[in-house]
Ligand code: PLP
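Numbering (the UniProt record's numbering), first residue to last: 6 to 404.
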């Protein structure tokens, strides 16, 4: 074989996707995969939302030609995203200080933002929460940044170590890029309170840090509006601000890759220059985004009846997750009364840092074919009325 290929080493497996590979290979009938990062309904299936079906029916009727989209994506999509993320009557939208480009999922939005920042602020370093979504580090490193962490999760309180987080932000050099989870922190489920966000916004603004808000779970915490508040508060504090958002979860459109990057500037004129440069980043990466997912989301968001349907369906997902959290806590209270799991009710979004150790996760897998992440992260959205009793009995047996 050629020298080029013979020198290439095997790359490490993706930790999360590796769990699913092992799960799929498991022959036991009653296996449960809590390691995933997707929402399953009560039948253990990824739902196809009614609002999506209806929007797709409308789109098919049109039989529109498949032209290229503009570099920054479908105009109706970008507008709908801005309204959703910032609020239609927010100053950054009405004063045209925010720009939004359709992206290949939330991941694509993060990468666009990272590549843009590498071009215009290459001396900055990036800070992500400890822990964070496992792709954040790799993504910013691949864009050429040094990636550091700031303290976040406190295993003792099972909440946020806010004092340490704030102190870390206060010590960061000016123009550091701070990646923050806008809601439903992945992997811990631990979010900041409104008062804590006030202090974070204050430090970020006064120290001249560059905030990058990642919002992959809008609507899974306390609702679409409530979950968007952090973005709106940062926007009201003035730019610069980067926001990546994703519809993978909130529309159950994982494989269609629908997300967006928004950037808030100081003026409409500045925003115009930023968009022109962002378009260069896009053009040299993949030229322009795919159209189907963007069409579906734009149709739903801009058609009142479909929009209402979406809000109801999203609320259904949010409520089901909360019911599973409540069942998890109350059933464990019965089966393992010596252990305290009330914190699971405080956590937001699809995930819970359950507090299970790597050894306990290993036992669950070996003896019960229940798969979780080694860190103890479980996907609450993978629990359902049929598998929860098996999961609780198994957890109680390894505590
Ligand atoms: N950001 C966070 C925090 C996530 O958890 C995820 C997906 O799991 C993403 C971004 C990426 O979203 P997408 O699947 O739309 O690329």
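Ideal placement from N, C-alpha and C gives every residue a C-beta, glycine not left out. In this text the structure is predicted, and so the values were computed from the model without any measurement.
* Excluding five sequence neighbours on each side, which residues of the same chain lie with their C-beta closer than 6 Å to the C-beta of residue 193? -> Stepping through the chain shown from its first residue, residue 193 is reached at position 188. Taken in chain order, the residues that qualify are 158, 358.
* Asked: Grouping DSSP H, G and I as helix and E and B as strand, with all else coil, what is residue 397?
  -> Counted from its first residue, the chain shown places residue 397 at position 392. DSSP places residue 397 in helix when its eight states are reduced to three.
* Asked: Skipping 5 residues on each side, what residues in its chain have a beta carbon closer than 8 Å to that of residue 51?
  -> The residue given as residue 51 occupies position 46 in the chain shown. 43, 44, 45, 257, 259.
* **Residue from 34, 38, 30 whose Cα sits closest to the Cα of residue 376** => Translated into positions along the chain shown, residue 376 becomes position 371. It is 38 whose Cα lies nearest to the Cα of residue 376.
* To do: Would you decide whether residue 68 is buried or exposed? Buried here means 16 or more other CB atoms lie within 10 Å of its CB.
  => Indexing the chain shown from 1 puts residue 68 at position 63. Classification of residue 68: exposed, given that the 10 Å Cβ count is below 16.
* Asked: With respect to 8 Å, is the separation between the Cβ of residue 263 and the closest non-hydrogen atom of the ligand PLP below this value?
  -> Here the question's residue 263 lines up with position 258 in the chain shown. Yes, Cβ of residue 263 sits closer than 8 Å to a heavy atom of the ligand PLP.
* Endpoints, the alpha helix (DSSP H) within which residue 111 is located -> Position 106 of the chain shown, counting from 1, holds the residue named residue 111. That run of the alpha helix (DSSP H) goes 110 to 125.
* Which term fits residue 294, buried or exposed, when burial requires 16 or more other beta carbons within 10 angstroms of its beta carbon? -> As a first step, residue 294 is located in the chain shown; it is residue number 289 there, counting from the start. With 16 or more other Cβ atoms within 10 Å, it is buried.
* Could you pull the start and end residues of the beta strand (DSSP E) that residue 155 belongs to? => Taking the first residue of the chain shown as position 1, residue 155 is located at position 150. It spans 152 to 156 - the beta strand (DSSP E) in which residue 155 sits, taken as one unbroken run.
* Taking one C-beta from the segment 223 to 242 and one from the segment 79 to 88 each time, how about it: are there three or more such pairs within less than 8 Å? -> no
* At which residue ranges does the segment 205 to 261 contain complete beta strand (DSSP E) runs of 3 or more residues, listed in the order of the chain? -> 215 to 220, 246 to 251
* Asked: Should residue 82 be listed as close to the ligand PLP, given that the test is whether its C-beta is under 8 Å from any heavy atom?
  -> Stepping through the chain shown from its first residue, residue 82 is reached at position 77. The answer is no for residue 82.
* **CB-CB length for residue 173 against residue 156, believed under 8 Å** => Position 168 of the chain shown, counted from the start, is the residue given in the question as residue 173. Position 151 of the chain shown, counted from the start, is the residue given in the question as residue 156. With 8 Å as the limit, residue 173 and residue 156 qualify as a contact, their Cβ atoms being about 6 Å apart.
* Asked: Mind checking whether the beta-carbon of residue 219 lies closer than 8 Å to any heavy atom of the ligand PLP?
  -> For the purposes of this step, residue 219 is identified with residue 214 of the chain shown, where counting begins at 1. Residue 219 Cβ: within cutoff of the ligand PLP.
* Please determine, among 296, 315, 297, the residue with the shortest C-alpha to C-alpha distance to residue 305. => Here the question's residue 305 lines up with position 300 in the chain shown. That would be 315, whose Cα lies nearest to the Cα of residue 305.
* **Rounded distance between the beta-carbons of residue 124 and residue 269, thought under 8 Å** => Along the chain shown, read from residue 1 onward, the residue named residue 269 stands at position 264. Along the chain shown, read from residue 1 onward, the residue named residue 124 stands at position 119. Residue 269 to residue 124, Cβ: 18 Å. No contact.
* To do: Specify, as a first and last residue, the run of the alpha helix (DSSP H) that residue 286 falls within.
  => The residue you call residue 286 lines up with position 281 of the chain shown. Here the alpha helix (DSSP H) through residue 286 covers 273 to 290.
* Asked: Okay, do the segment 14 to 29 and the segment 373 to 391 touch, 3+ Cβ pairs below 8 Å being the bar?
  -> yes
* residue 267 lies in the beta strand (DSSP E); which residues open and close that run? -> Residue mapping note: residue 267 aligns to position 262 of the chain shown, counting from 1. Start and end: 263 to 269.
* To do: Determine contact between the segment 93 to 109 and the segment 119 to 136, defined as no fewer than three beta-carbon pairs at a distance below 8 Å.
  => no
* Exposure label - residue 71; buried when at least 16 CB within 10 Å -> Within the chain shown, residue 71 is the residue found at index 66, counting from 1. Looking at its Cβ environment, which holds fewer than 16 other Cβ atoms inside 10 Å, residue 71 is exposed.
* Report whether the distance from the Cβ of residue 225 to the nearest heavy atom of the ligand PLP is below 8 Å. => As a position in the chain shown, residue 225 is number 220, starting the count at 1. Because no heavy atom of the ligand PLP lies under 8 Å away, the Cβ of residue 225 does not count as near it: no.
* Asked: residue 107 by DSSP, collapsed to three states: which one?
  -> Translated into positions along the chain shown, residue 107 becomes position 102. In this structure, residue 107 counts as strand in the three-state DSSP scheme.
* To do: Could you check the C-alpha separation between residue 343 and residue 31 for me, to the nearest Å?
  => Along the chain shown, read from residue 1 onward, the residue named residue 343 stands at position 338. Along the chain shown, read from residue 1 onward, the residue named residue 31 stands at position 26. Those two C-alpha atoms are separated by around 32 Å.
* residue 196 - DSSP class collapsed to helix/strand/coil -> Here residue 196 refers to the residue found at position 191 when the chain shown is read from its first residue. If DSSP states are grouped into helix, strand and coil, residue 196 belongs with coil.
* **Reduced DSSP secondary structure (H/G/I, E/B, other) of residue 185** => Taking the chain shown and counting its residues from 1, the one referred to as residue 185 is at position 180. In the structure shown, residue 185 sits in a strand (DSSP, three-state: E or B).
* To do: Have a look at 35, 335, 240, 348 and flag the residue whose alpha-carbon is nearest the alpha-carbon of residue 164.
  => To locate residue 164, count along the chain shown from 1; it is residue 159. Residue 348 is the option with its Cα nearest to residue 164.
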